[in-house]
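Visitor: Dropping the structure in here first, questions after.
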Amino acid sequence: MSTEADGEHRINTNVETDTAPAGLATTALRPAVRLLVQRPASLGELVTASGVSRRGVEALLASWQEDEPAEGGLKVDHEDRYRLTEPLRSRVAAEWGIDQPADDRRLCDPAMIERLTAWATDLPRPRRDLDHRPATPEGVANRLDLLATHLDLRGASILVLGARDLDAAALATDGRARRVATLDVDDAVLAAVGAADLPPKALTLRWCDVRVGLPASLTGWADLVISDPPYTPAGMEAFLAAATGALSGPEARVAISYGFGETRATLGWQVQREMLRANLALCAMWPDVVTYEGAEAIGGRADLYLLAPTG
Numbered sequence: 308m309s310t311e312a313d314g315e316h317r318i319n320t321n322v323e324t325d326t327a328p329a330g331l332a333t334t335a336l337r338p339a340v341r342l343l344v345q346r347p348a349s350l351g352e353l354v355t356a357s358g359v360s361r362r363g364v365e366a367l368l369a370s371w372q373e374d375e376p377a378e379g380g381l382k383v384d385h386e387d388r389y390r391l392t393e394p395l396r397s398r399v400a401a402e403w404g405i406d407q408p409a410d411d412r413r414l415c416d417p418a419m420i421e422r423l424t425a426w427a428t429d430l431p432r433p434r435r436d437l438d439h440r441p442a443t444p445e446g447v448a449n450r451l452d453l454l455a456t457h458l459d460l461r462g463a464s465i466l467v468l469g470a471r472d473l474d475a476a477a478l479a480t481d482g483r484a485r486r487v488a489t490l491d492v493d494d495a496v497l498a499a500v501g502a503a504d505l506p507p508k509a510l511t512l513r514w515c516d517v518r519v520g521l522p523a524s525l526t527g528w529a530d531l532v533i534s535d536p537p538y539t540p541a542g543m544e545a546f547l548a549a550a551t552g553a554l555s556g557p558e559a560r561v562a563i564s565y566g567f568g569e570t571r572a573t574l575g576w577q578v579q580r581e582m583l584r585a586n587l588a589l590c591a592m593w594p595d596v597v598t599y600e601g602a603e604a605i606g607g608r609a610d611l612y613l614l615a616p617t618g
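So the sequence shown is numbered by the working numbering: it starts at 308 and just counts up by one.
Right, dumping it as structure tokens:
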């Protein structure tokens, strides 16, 4: 490190580091950024504030380094505390919206649940051959609100595998995602979703049988893939293959709903095993998030899994 006249020094960025977290990960990092905008903070304080790993915080700090050492930027004082100096501090505060009021708006407020309920009445009856057990509007709202709480969906490209639950319609109406697309094998479901009162060009609808493969235009397209696949090993395998093919990179995520009855642990293990076989790591699992109309075999509810690619 090079010592400067004011007793502070810049970070040595000539070290091996991960890519700076961005996109979906910014929600977790926001408390650390807010702390650093407010005052100098040690690496340990930034990790504690955010719950993000040391390497993740270090990657964020490294991304703020300026090309010219003489300019204001990120410095480290003699107590190993990081400090943002101008003009970088103001730029970071603006880019992260630190000085703006917190946005506590739910993705699915009561008005959105009413719209989901109305849209669902126009859907064709579920087809047993496609293993459709529709989620309730409240279940869809729970799923999307939980994802929006833990992931920064602003500007994201989101793909929903399966259009019947109307997650894609809700996301397109909400507007915080940059692009929303949904795939389904049932033309009647796609037609019903396409006829819904949605903002113009807010939602891309595509026919797809995931057993055949993902449309080429959606390969490597998504920051987040959401799916509620058939609850069988073969169904999970097919949908996860499509999901992983759609991911845009290592920071992208897959959100899968899955549940099994309390006496069916072997089946649960067999289906969960497909997640590992797809080279996906389990980041989080929230129990009893999604509720269903019917689906008595699983108690009418399922857990939500958040998965990360490892390949």
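Here a beta-carbon is modelled for each residue, glycine too, at the ideal position from N, C-alpha and C.
What are the uninterrupted segments assigned as beta strand (DSSP E) that are 3 or more residues long and contained completely in the stretch 463-502, given in chain order?
Guide: Segments of the beta strand (DSSP E) lying fully in the stretch 463-502: 464-468, 486-491.
Visitor: For D595, tell me which candidate among H385, E569, D516, R584 has the shortest Cα-Cα distance.
Guide: Per the Cα distances, E569.
Visitor: Nearest CA to the CA of V496: which residue from P394, A477, G469?
Guide: Comparing Cα positions, the closest option is G469.
Visitor: Over the uninterrupted beta strand (DSSP E) stretch that includes S564, give me the two end residues.
Guide: Residues 560-565.
Visitor: Name the DSSP beta bridge partners of S370, please?
Guide: DSSP, once it has assigned bridges, lists no residue as partnering S370.
Visitor: Please list, in chain order, all residues of the same chain as M543 whose beta carbon is under 6 Å from its beta carbon, the five residues on each side excluded.
Guide: Once the five neighbours on either side are set aside, the close Cβ partners of M543 are P536, V578, E581.
Visitor: Which of helix, strand or coil does DSSP assign to P417?
Guide: Note: P417 maps to helix in three-state DSSP.
Visitor: Identify the continuous beta strand (DSSP E) that holds L343 and give its terminal residues.
Guide: No beta strand (DSSP E) holds L343; the alpha helix (DSSP H) holding it covers 333-345.
Visitor: Have a look at A591, W403, P507 and flag the residue whose alpha-carbon is nearest the alpha-carbon of A562.
Guide: Measuring from the Cα of A562, the nearest candidate turns out to be A591.
Visitor: When you compare only the Cα positions, how much space is there between L473 and T392?
Guide: Taking the straight line from one Cα to the other gives about 46 Å.
Visitor: Alpha helix (DSSP H) containing D452: first to last residue?
Guide: That run of the alpha helix (DSSP H) goes 444-457.
Visitor: Does the stretch 453-464 come close enough to the stretch 417-428 to have 3 or more Cβ pairs within less than 8 Å?
Guide: Contact fails: fewer than three Cβ-Cβ distances are below 8 Å.
Visitor: What is the DSSP secondary structure of V597, reduced to helix, strand or coil?
Guide: Reduced to three states, the DSSP call for V597 is strand.
Visitor: State the beta-bridge partners of E616 as determined by DSSP.
Guide: Glu is not the amino acid found at residue 616; the sequence shown has Pro there. Per DSSP, L587.
Visitor: Decide if L525 is buried, meaning its Cβ has at least 16 other Cβ atoms within 10 Å, or exposed.
Guide: With 16 or more Cβ atoms within 10 Å of its Cβ, L525 is classed as buried.
Visitor: Could you give the DSSP three-state label for A401: helix, strand or coil?
Guide: Helix.
Visitor: Just to confirm, are Y612 and T443 a CB contact at a threshold of 8 Å?
Guide: Not a contact, by the Cβ cut-off of 8 Å.
Visitor: Whose C-beta lies closer than 6 Å to the C-beta of T511 among residues of the same chain, with five residues either side of it excluded?
Guide: Contacts found: A488.
Visitor: Would you decide whether G520 is buried or exposed? Buried here means 16 or more other CB atoms lie within 10 Å of its CB.
Guide: So G520 counts as exposed.
Visitor: By Cβ distance, which residues of its chain are closer than 7 Å to A348, with the 5 residues on each side in sequence left out?
Guide: For A348, where only same-chain residues beyond five positions count, the Cβ hits under 7 Å are L342, R388, Y389.
Visitor: Taking only three categories from DSSP, how would you classify T428?
Guide: Reduced to three states, the DSSP call for T428 is coil.
Visitor: Since S357 is in the alpha helix (DSSP H), which residue starts that stretch and which ends it?
Guide: Element bounds for S357: 350-357.
Visitor: Between which two residues does the alpha helix (DSSP H) carrying T511 extend?
Guide: Taken as a continuous stretch (DSSP letters only), T511 belongs to no alpha helix (DSSP H), being part of the beta strand (DSSP E) at 511-514.
Visitor: Where does D610 sit, in a helix, a strand or coil, going by DSSP?
Guide: If DSSP states are grouped into helix, strand and coil, D610 belongs with the strands.
Visitor: According to DSSP, what are the bridge partners of A529?
Guide: In the DSSP output, where bridge partners are listed per residue, A529 has L554.
Visitor: When we look at the beta-carbon of K508 and count the other beta-carbons within 10 Å, is it buried (16 or more) or exposed?
Guide: So K508 counts as exposed.
Visitor: Secondary structure at P328, three-state DSSP: helix, strand or coil?
Guide: For P328, the predicted model reports a pLDDT of 43, less than 50, meaning its position is unreliable; a value from the coordinates is still stated below. Coil at P328, not helix or strand.
Visitor: Taking buried to mean at least 16 other C-beta atoms within 10 Å of its own C-beta, is E365 buried or exposed?
Guide: Burial call: buried.
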